[in-house]
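Protein sequences appear in the order of chains A and B.
So the mapping is simple: my numbering equals the position in the first sequence, first residue as 1, plus 5.
So the mapping is simple: my numbering equals the position in the second sequence, first residue as 1, plus 465.
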Amino acid sequence: DTGVSQNPRHKITKRGQNVTFRCDPISEHNRLYWYRQTLGQGPEFLTYFQNEAQLEKSRLLSDRFSAERPKGSFSTLEIQRTEQGDSAMYLCASSLTGVSTEAFFGQGTRLTVV
Amino acid sequence: GENVEQHPSTLSVQEGDSAVIKCTYSDSASNYFPWYKQELGKRPQLIIDIRSNVGEKKDQRIAVTLNKTAKHFSLHITETQPEDSAVYFCAAPTQGGSEKLVFGKGTKLTVNP
């Protein structure tokens, strides 16, 4: 499968625990985006990378969230001290440089905080 | 920053009828307008997009129209089929050094056989 891959697909965690998600983009794509989607809403931007550089982080994102893309390939999104409000689908997307190109989404990681 | 409004939030049509979903955007510098389809439990997938140098684009039963003056664009699906049932999202990019897609809240389309 040459599409965007996310792991795990589902994660259930207890409040207060840390979780980490992984995204493997399409290999030639240098742009990588993280979005969060809650039920009945559109994807909400979290952060994006151009190669290994994190170019923007949403102001809505608390400091409990951190993302990395150390070698400009796969990316990880970590949430520390999870809260029930963090329960959502976390989507990763990748594209070639420039926003006016198609963004391909992964299948997402569904996080449930209990 | 960009703000994208999408209407309606739900739409129910009979099989064979047409469906129209409308979006407005705020950033006049936006120049790319994609539409994504998301079936239940699946990833959003691009179905059609339009760039600001054209006013309309068609791909079989789907079409998108763009009115840059009014800052709105629409998705048109003709001869709807039950498999068109899904949530549809419009999006527009921010500009001015911050390049990301801002999505509308989505339209849940139900096509009744």
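Even glycine gets a Cβ: it sits at the ideal position worked out from N, Cα and C.
Chain A residues whose Cβ lies nearer than 7 Å to that of residue i
| i | result |
| --- | --- |
| B/K565 | Y38, F50, Y53, E61, V104 |
| B/L511 | E107 |
Chain A contact residues for residue i, given Cβ-Cβ distances below 8 Å
| i | result |
| --- | --- |
| B/K570 | G45, Q46, G47 |
Chain B contact for residue i (CB, 8 Å cutoff)
| i | result |
| --- | --- |
| A/Q112 | yes |
Under 8 Å between C-beta atoms of residue i and residue j
| i | j | result |
| --- | --- | --- |
| B/A557 | B/Y501 | no |
| B/F467 | B/V567 | Before going further, note that residue 467 of chain B is Glu rather than Phe in the sequence given. Yes, the pair counts as a contact, with Cβ atoms nearer than the cut-off. |
| B/K533 | B/S517 | yes |
| A/N35 | A/L96 | no |
| B/L531 | B/Y553 | no |
| A/F54 | A/R74 | yes |
Per-residue burial, residue i [other beta carbons within 10 Å of its own, 16 or more giving buried]
| i | result |
| --- | --- |
| B/T559 | buried |
| B/S550 | buried |
| A/T7 | exposed |
| B/V548 | What sits at residue 548 of chain B in the sequence shown is Glu, not Val. Exposed, since its Cβ has fewer than 16 Cβ neighbours within 10 Å. |
| B/P509 | buried |
| B/E564 | buried |
| B/V529 | buried |
| B/D597 | The structure shown does not extend to residue 597 of chain B, since chain B is modelled only from 466 to 578, so the question has no answer here. |
| B/S474 | exposed |
| A/S80 | buried |
Interface partners of residue i on chain A, CB under 9 Å
| i | result |
| --- | --- |
| B/F538 | Those within 9 Å of B/F538 in chain A number zero; the least Cβ separation is about 14 Å. |
Segment limits, beta strand (DSSP E) that includes residue i
| i | result |
| --- | --- |
| A/F26 | 24–29 |
| B/F538 | 537–542 |
| A/S10 | 10–12 |
| A/H34 | Unbroken run through A/H34: none, as it is neither H nor E. |
| A/R74 | Segment: none, A/R74 is in no beta strand (DSSP E) and carries neither H nor E. |
| B/D524 | 521–524 |
| B/E564 | Where B/E564 is concerned, there is no enclosing beta strand (DSSP E), given that its DSSP letter is neither H nor E. |
| A/K16 | 15–18 |
| A/V119 | Run containing A/V119: none; DSSP gives neither H nor E here. |
Test: residue i CB closer than 8 Å to a CB of chain A
| i | result |
| --- | --- |
| B/R591 | Outside the modelled stretch of chain B, which goes from 466 to 578, sits residue 591 of chain B, for which no answer is possible. |
| B/A484 | no |
Residue i Cβ short of 7 Å to the ligand ZN heavy atom set
| i | result |
| --- | --- |
| B/G569 | The ligand ZN is not among the ligands present in this structure, which contains no ligands whatsoever. |
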